[in-house]
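**Student:** Residue numbers (the working numbering): 632 to 922.
#1: When we look at the beta-carbon of residue 864 and count the other beta-carbons within 10 Å, is it buried (16 or more) or exposed?
#2: In chain order, what are the residue ranges of uninterrupted beta strand (DSSP E) at least 3 long that sit wholly in the stretch 651-702?
#3: Take the Cβ of residue 867 as the centre, count every other Cβ of all protein chains shown within 10 Å, and call the residue buried at 16 or more, exposed below.
#4: Any idea if residue 838 is buried or exposed, counting beta-carbon neighbours within 10 angstroms, 16 or more meaning buried?
#5: Less than 8 Å between the CB atoms is what I'm expecting for residue 771 and residue 792, so what's the real figure, rounded?
#6: Mind checking who residue 788 pairs with in its DSSP beta bridge?
#7: Classify residue 857: buried if its beta carbon has 16 or more other beta carbons within 10 angstroms, exposed otherwise.
#8: Under three-state DSSP, which class holds residue 649?
#9: Between the C-alpha atoms of residue 781 and residue 901, what's the straight-line distance to the nearest angstrom?
#10: Going by other Cβ atoms of all chains shown within 10 Å of its Cβ, with 16 needed for buried, is residue 706 buried or exposed?
#11: Residues in the same chain with beta-carbon distance under 8 Å from residue 870, minus the five sequence neighbours each way, listed in chain order, please.
#12: Quick check on the burial criterion: 16 or more other C-beta atoms within 10 angstroms. Buried or exposed for residue 832?
#13: On a Cα-Cα basis, can you pick out the residue from 899, 798, 659 that is closest to residue 820?
#14: Comparing C-alpha positions only, which one of 890, 804, 732, 633 sits nearest to residue 646?
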């Protein structure tokens, strides 16, 4: 499928912290866009700019050449793709569906296989970069599925992100995102411990951050979430509850692969403590509260 703003209709499902910005970039690029999300009010801004509201997944799928989804949990993905009113039962033969939710690699393979049976190509394309990456169209996008389909969809991915890499067959994008989340999980503990140590040592933590963020310790989490931690800004760029979901998928996948992940296990335990303290809707930087 050759896509272009002039001839390709895009459907977008899920207008949360990241999805709203991603859909906005597609609309701003000139594509005809229809949208659906659980909370209708989240679509109002996009509708005012020219997007078309669809009151069901069924209608959106039937009226789109390319359907993009970014929802909360694997069970939400399964519902919008596999239900009788879902994408695979209602999208036209020859259409493409791209799930950008962080989800289960096994589910991604299932969707791709069932999609092929119906003449619908399904890519798994989870993203990394949080609310800032979505807002600035600088997301990292990790794509699994048929490579020719990835190549066809590349202009659309480039509207939403900068680091866009084809990873391999269906499920490979999700496996790559699991590797990403494992690295972040342990790294977030290190960021919190480092900043807590700086404060305990009587240093100015902002000054410390300006030094260590540019050295070998530098990371996206340190440089982007560290300042938020120091300002006690725990607003969600990525929800604690969704990070726990990701870590659970990663832990299950690692177990299936026979891999021990002690750093991931510790991080998951600490984030679950945050949930016990009522912080499930905070951003992931809220881990600093425990330190």
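All C-beta atoms in this analysis are idealised placements derived from N, C-alpha and C, irrespective of residue type, glycine included.
**Tutor:** For this structure:
#1: Label assigned to residue 864: exposed.
#2: Here the runs fully enclosed are 663-667, 697-700.
#3: By the neighbour-count rule (16 or more Cβ atoms within 10 Å), residue 867 is buried.
#4: Result: exposed.
#5: Between residue 771 and residue 792 a beta carbon distance of about 6 Å is seen, short of the 8 Å cut, so the two are scored as contacting.
#6: BP columns for residue 788 are empty, so no partner.
#7: Sixteen is the threshold: when 16 or more other Cβ atoms of the shown chains lie within 10 Å of the Cβ of residue 857, as they do, the residue is buried.
#8: DSSP places residue 649 in coil when its eight states are reduced to three.
#9: If I take the Cα positions, the gap works out to 37 Å.
#10: Within a 10 Å sphere around the beta-carbon of residue 706 sit fewer than 16 other beta-carbons, which makes this residue exposed.
#11: Once the five neighbours on either side are set aside, the close Cβ partners of residue 870 are 648, 911, 912, 913, 914, 915.
#12: By the neighbour-count definition (other C-beta atoms within 10 Å, threshold 16), residue 832 is an exposed residue.
#13: Nearest C-alpha to residue 820: 899.
#14: Checked all of 890, 804, 732, 633; the closest Cα to residue 646 is 732.
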